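Asker: This is the structure I have questions about; it appears just below.
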Amino acid sequence: MEATSWTAYAAVFLATLFLLLLSKYLLQRKLNLPPGPKPWPIIGNLNLIGSLPHRSIHDLSVKYGPIMQLQFGSFPVVVGSSVEMAKVFLKTMDIIFVGRPKTAAGKYTTYNYSDITWSPYGSYWRQARRMCLMELFSAKRVDSYEYIRAEELHSILHNLTKISGKPILLKDYLTTLSLTVISRMMLDELFLLNGVLNIGDSIPWIDFMDLQGYVKRMKAVSKKFDKFLEHVLHECNAKRNAVENYVAKDMVDVLLQLADDPTLEIKLERHGVKAFTQDMLAGGTESSAVTVEWAISELLKKPKIFKKATEELDRVISQNRWVQEKDIPSLPYVEAIAKETMRLHPVAPMLVPRLCLEDCKVAGYDIPKGTRVLVSVWTIGRDPTLWDELEAFKPERFLEKSIDVKGHDFELWPFRAGRRMCPGYSLGLKVIQASLANLLHGFKWSLPDNMTPEELNMEEIFGLSTPKKFPLSTVVEPRLPSKLYSV
Ligand code: HEM
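Written as structure tokens, this is what we have:
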């Protein structure tokens, strides 16, 4: 191509870009939006797509206040970062902020938004939530799986004794609670990709370039996952077809039964069953494994707290049995450790993004339809008006005041609140509390290679689950009678 045509193309491109930015700037000047770094979108965007955007957003919130507007590429993003604002977005005006923006992760890793997490607000998503409430996560169903959780947990506790005295990567054991190593590898990638700030989601006209290479990785992981899910569905169907009047035994059975139901308002297709199963796998493993890994890391840094927890366990449970789910309410200190971990290391520290579905006003500011909304849980967990010694790991604070984590008390809401609140919260909470309690009860923990607690690295990686940057390596030794560990 001749040099002149290149120059002409470049001139047209730059002129279009200029007009686009100018029109956006003028449009925004007309609106009454919250303070914060607004126009000159692309620049505003780039400094946030750093490695720890939740920390950058926290710093901006401290500077600009509890409601501010940012610009991620072509899209305005409103961030709420106080209990008051969280209540507005997720309680009083929840119905307006119940949408999810379209993202590459939703498109490429969840069968074109056919799962629950990335599905847009509408009848498909509402039906999915009804299925969660009535079928998948009803108290009866969750309780009926308690024996599976107990068996799997026991098998880990047994496996841990086999490598007693040698360094282990704790998270491998925690996630193997329900998955094989191969699906674990897929899940790590899936989680990372569902949490990334993909530039193309914010600046759609450069999406095709896939500048960070995320879309390519999303397509690859989703292909691998699809093979795995097809296999799971095939096995389940074979089991169902072999018996007349088969009674659903697990969540995939329930979903396959729902897919056969002719009375459903919207048919649940095969790819929908796969997408929901993937949500259950992803939600059911990574978030709880990461939370328990953070809790043990914090305790390794604070031997006094560790000791208090084991004293409580010895007193309430005694050394001749394991902790069961029904024991948890009698273990307030262990519960407080779980809460303090969720305050300091929240899963999805800025919320899974929501989408504003109609023009509205919040705190006197206009929020136009289509605005993306984040709530910085990270900032609320570090709000000096709510907590003292912000960065200190202090479970005692939860013994002093009773704070519920089920979406009622907005100081701490690991599962968020409102219509889009995590549907698996009761299961997630049980898994976290029971595994944490038994890991503390069953083992003495230490750091490998004479590492001191001060040397233990506590950096995180941004993502949907915000895991540790360096997985925790520890040494465990059994502390209960050996007969308890046998399978
Ligand atoms: C430690 C455990 C868990 C934590 C901390 C957690 C946290 C979250 C958070 C923060 C959200 C986003 C809510 C929002 O947008 O406001 C969410 C959504 C979701 N979670 Fe969980 N979760 C956990 C366990 C689970 C489990 C066990 C499952 C299923 C087996 C699950 C399935 C889901 C699904 C399907 C959604 C999407 C809901 C929707 O968009 O309507 N989660 N979770």
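Those letters in the sequence shown? Residues 29 to 515, by our numbering. C-beta atoms are modelled at their ideal positions from N, C-alpha and C, and glycine is treated no differently. Please read all numbers here as calculations on a predicted model, not as lab measurements.
Quick check on the DSSP output: what are the complete alpha helix (DSSP H) runs of length 4 or more inside the stretch 144-183, in order along the chain?
Answerer: 151-159 and 167-172, all fully within the stretch 144-183.
Asker: Where does tyrosine 274 sit, in a helix, a strand or coil, going by DSSP?
Answerer: Residue state, collapsed to three classes: coil.
Asker: Any heavy atom of the ligand HEM closer than 7 angstroms to the beta-carbon of aspartate 278?
Answerer: The answer is no for aspartate 278.
Asker: Rounded to the nearest angstrom, how far is the Cβ of cysteine 264 from that of leucine 284, given a contact under 8 angstroms?
Answerer: Sure, about 6 angstroms apart at Cβ, within 8 angstroms.
Asker: I need the boundaries of the alpha helix (DSSP H) containing isoleucine 95, first residue and last residue.
Answerer: Element bounds for isoleucine 95: not the alpha helix (DSSP H) but the beta strand (DSSP E), 95-100.
Asker: Do the CB positions of serine 228 and valine 249 come within less than 8 angstroms of each other?
Answerer: Reading off the sequence, residue 228 comes out as glycine, not serine. No, the Cβ-Cβ distance between glycine 228 and valine 249 is not below 8 angstroms.
Asker: If I'm right that proline 442 touches valine 362 with Cβ under 8 angstroms, what's the distance once you round it to whole angstroms?
Answerer: With a Cβ gap of about 16 angstroms, proline 442 and valine 362 do not count as contacting.
Asker: Are the Cβ atoms of glutamate 321 and leucine 427 separated by less than 8 angstroms?
Answerer: No, the pair does not count as a contact, with Cβ atoms beyond the cut-off.
Asker: Does the distance between the C-beta of proline 495 and the nearest non-hydrogen atom of the ligand HEM fall short of 7 angstroms?
Answerer: Not under cutoff, so the answer is no.
Asker: Provide the residue span of the beta strand (DSSP E) that contains proline 506, from first to last.
Answerer: Element bounds for proline 506: 501-506.
Asker: For the alpha helix (DSSP H) that contains aspartate 342, what are its first and last residues?
Answerer: Element bounds for aspartate 342: 331-344.
Asker: Can you find a heavy atom of the ligand HEM that lies under 7 angstroms from the Cβ of valine 111?
Answerer: Checking every heavy atom of the ligand HEM against the Cβ of valine 111, none is found closer than 7 angstroms.
Asker: Return yes when at least one heavy atom of the ligand HEM lies under 7 angstroms from the C-beta of leucine 181, else no.
Answerer: Leucine 181 Cβ: outside cutoff for every heavy atom of the ligand HEM.
Asker: For tyrosine 393, write down the residues that DSSP places opposite it in a beta bridge.
Answerer: Note: tyrosine 393 sits in a beta bridge opposite Val390.
Asker: Taking proline 104 as the reference, give the member of Pro381, Ser493, Ser510 and Val504 with the closest Cα.
Answerer: Ranking the options by Cα distance to proline 104, first place goes to Pro381.
Asker: Taking the alpha helix (DSSP H) that arginine 83 belongs to, which residues open and close that run?
Answerer: 81-92 is the extent of the alpha helix (DSSP H) around arginine 83.
Asker: So what does DSSP say about glycine 108, is it helix, strand or coil?
Answerer: Three-state DSSP puts glycine 108 in a strand.
Asker: Could you tell me the alpha carbon to alpha carbon distance between threonine 35 and isoleucine 234, rounded to whole angstroms?
Answerer: One C-alpha to the other measures close to 20 angstroms.
Asker: Can you tell which of Met113, Asn466 and Ile85 has the C-alpha that lies nearest to the C-alpha of leucine 181?
Answerer: The residue with the shortest Cα to Cα distance from leucine 181 is Asn466.
Asker: Are there 16 or more other CB atoms within 10 angstroms of the CB of glutamate 297, so buried, or fewer, so exposed?
Answerer: Glutamate 297 should be labelled exposed.
Asker: Kindly indicate which residue of Asp387, Gly312, Glu488 and Glu258 has the alpha-carbon position closest to the one of isoleucine 123.
Answerer: The option with the nearest alpha carbon to isoleucine 123 is Asp387.
Asker: According to DSSP, which residues form a beta bridge with phenylalanine 103?
Answerer: DSSP lists Phe100 as partners of phenylalanine 103.
Asker: Does the count of Cβ pairs from the stretch 82-91 and the stretch 404-423 closer than 8 angstroms reach three?
Answerer: As far as the Cβ criterion goes, the stretch 82-91 touches the stretch 404-423, which means the pair count is three or higher.
Asker: When the distance is taken between beta carbons, is proline 62 closer than 8 angstroms to valine 106?
Answerer: Against a cut-off of 8 angstroms, the Cβ pair of proline 62 and valine 106 comes out as a contact.
Asker: Could you check if phenylalanine 41 is buried or exposed, using at least 16 other CB atoms within 10 Å of its CB as the buried criterion?
Answerer: Phenylalanine 41 comes out exposed.
Asker: Counting pairs of Cβ atoms below 8 angstroms between the stretch 460-475 and the stretch 128-145, do you hit three or more?
Answerer: Counting Cβ pairs under 8 angstroms, fewer than three are found: no touch.
Asker: Whole angstroms is fine: what's the gap from cysteine 160's alpha carbon to glutamate 482's?
Answerer: Between cysteine 160 and glutamate 482, the C-alpha separation is close to 43 angstroms.
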